[in-house]
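For reference, the structure discussed in these notes is given below.
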Amino acid sequence: CCPLCYRKFEKQSEGEQLIRDMELQIKGPEYRNKIDRDLTLLQEKFEKCLNLKSIHSQLQDLEDKDIPTLKNSMKQLDNEILQLKTKQNDLEQELNDHICLPLEQCEQIKTDIIMLNKYINERKDFETKINICQQKLTKGQKTTRIPRSLDEVKQNKNDIQN
Numbered sequence: 622c623c624p625l626c627y628r629k630f631e632k633q634s635e636g637e638q639l640i641r642d643m644e645l646q647i648k649g650p651e652y653r654n655k656i657d658r659d660l661t662l663l664q665e666k667f668e669k670c671l672n673l674k675s676i677h678s679q680l681q682d683l684e685d686k687d688i689p690t691l692k693n694s695m696k697q698l699d700n701e702i703l704q705l706k707t708k709q710n711d712l713e714q715e716l717n718d719h720i721c722l723p724l725e726q727c728e729q730i731k732t733d734i735i736m737l738n739k740y741i742n743e744r745k746d747f748e749t750k751i752n753i754c755q756q757k758l759t760k761g762q763k764t765t766r767i768p769r770s771l772d773e774v775k776q777n778k779n780d781i782q783n
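As structure tokens, this is what we get:
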């Protein structure tokens, strides 16, 4: 029988159908809210997918165009770096050659310079000794005459022997 009007149904299934229809009508607003929420979620997912599509196309552009170009640029820069390093090494070697060679030469002539200074000092000492000896000789001679050089003495000696 009908819960509202107490009418009797011919078949039991008709009553059950009416109960189901009424339950659906009672649950209709809840069902609609659920469908609306599901629809909102699906729309958000759809928008995210659309956003991902633009990101995907950007990634594809990067992979197809920009990345190969950048890789080529990197290879060129690597080659330039290698060339510059080689050039730097060559310049450093050349600079070392220009600096070290004179330094080595200076080290080699250092001992010669020390010996030269020693000989110059010895020469000065000998000159002072010679001057002292000449002064003693001139004091010993009664006549003042000009001191003779070694060549003059040798010449006189040769003249006397002949």
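Add 621 to the 1-based position in the sequence shown for my numbering, that's all there is to it.
Even glycine gets a Cβ: it sits at the ideal position worked out from N, Cα and C.
Here the structure is a predicted model, which means the values were calculated and not measured.
Among the options, whose alpha-carbon lies nearest the alpha-carbon of residue i?
i: Ser770; options: Ile751, Asp746, Asn783, Leu712; result: Ile751
In the DSSP assignment, find the alpha helix (DSSP H) that holds residue i and state where it starts and stops.
i: Glu684; result: Counting along the chain, Glu684 falls outside any alpha helix (DSSP H), and DSSP gives it neither H nor E.
i: Asn779; result: 771–782
For residue i, is the beta carbon positioned less than 7 angstroms from some heavy atom of the ligand ATP?
i: Asn693; result: The model on display carries no ligand, and the ligand ATP is accordingly not part of it.
At which residue ranges does the segment 650–738 contain complete beta strand (DSSP E) runs of 3 or more residues, listed in the order of the chain? none
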